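Peer 1: Residue 69 is where the sequence shown starts when you use our numbering, and the numbers rise one by one after that. Note that beta-carbon positions come from the ideal geometry of N, C-alpha and C, so glycine has one too. Fair warning: this is a prediction, and the values are worked out from it, not measured in the lab. Questions regarding the structure given below will be posed in turn.
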Amino acid sequence: MKDQRSRIKHRTSTINHRTSGGAFTLVEVLIATFLVGLAIAALVAANGSFSMANVAGADLSTAEFLVEQIRELTMMLPLAEPGLAAWTVLGPEGDETTLAAYDDVDDFDGFDSASLGAPIDARRATLPHLSAFRQQITVQKLNPSNFDEVWDDNTASNFARITVNILQNGRPISSTSWIRARY
Ligand SMILES: [Ca+2]
Ligand SMILES: [Ca+2]
């Protein structure tokens, strides 16, 4: 009888031990739920940031593409009107009233694609599906011995910096410049 009681006592104590060591308490469950919630919130926040970064990256790629169109368009053109005795004025010549008539790079000084309603490609065709973007071009004469210094249009320098600014919905998102020489 004593042995039987002792066996029952032992079994009960084993069960109690298993219950306290193997199962979760309410506090543990609450902490785990809280931590899982935190992890999910962090994942959702991170996903949002990645999406925003991707959109920004896509916009910059578009800006780069639009700069490249201007670079290709002007690459084969002379820097200044051919046959000029003195290169003292930048911009389109008197009879060059449309984009199609521009025949030298400095004709593009002051160009703003907003006047066409959309940016242009290397063949001067508008890109209506990118109408949120805008190309602005400036051409500036440079000091031949110091390209950081801009000279007035009517000076004798044969070097110029071409700058293409890209705006998206009126906000500047990229600016690219390169230098050309007049031979
Ligand atoms: Ca011209
Ligand atoms: Ca010109």
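Fully enclosed by the stretch 81-165, which alpha helix (DSSP H) runs are 4 residues long or longer?
Peer 2: Counting only runs of 4 or more, we get 94-143.
Peer 1: How many Å lie between residue 208 and residue 114 at the Cα?
Peer 2: Approximately 44 Å, taken between the alpha carbons.
Peer 1: If distances are taken between C-alpha atoms only, which option among 211, 227, 97 and 159 comes closest to residue 180?
Peer 2: Ranking the options by Cα distance to residue 180, first place goes to 159.
Peer 1: Under three-state DSSP, which class holds residue 235?
Peer 2: Looking at residue 235 - three-state DSSP - the assignment turns out to be strand.
Peer 1: To which residues of the same chain is residue 196 closer than 8 Å at the C-beta, ignoring the five residues directly before and after it?
Peer 2: Excluding sequence neighbours, residue 196 sits near 185 and 186.
Peer 1: Measuring only from the beta carbon, is residue 172 closer than 7 Å to any heavy atom that is part of ligand 2?
Peer 2: The answer is yes for residue 172.
Peer 1: Please indicate yes or no: does the CB of residue 221 lie closer than 7 Å to some heavy atom of ligand 1?
Peer 2: Outside the cutoff, so no.
Peer 1: At a threshold of 7 Å, does residue 163 count as lining ligand 2 (C-beta to nearest heavy atom)?
Peer 2: Outside the cutoff, so no.
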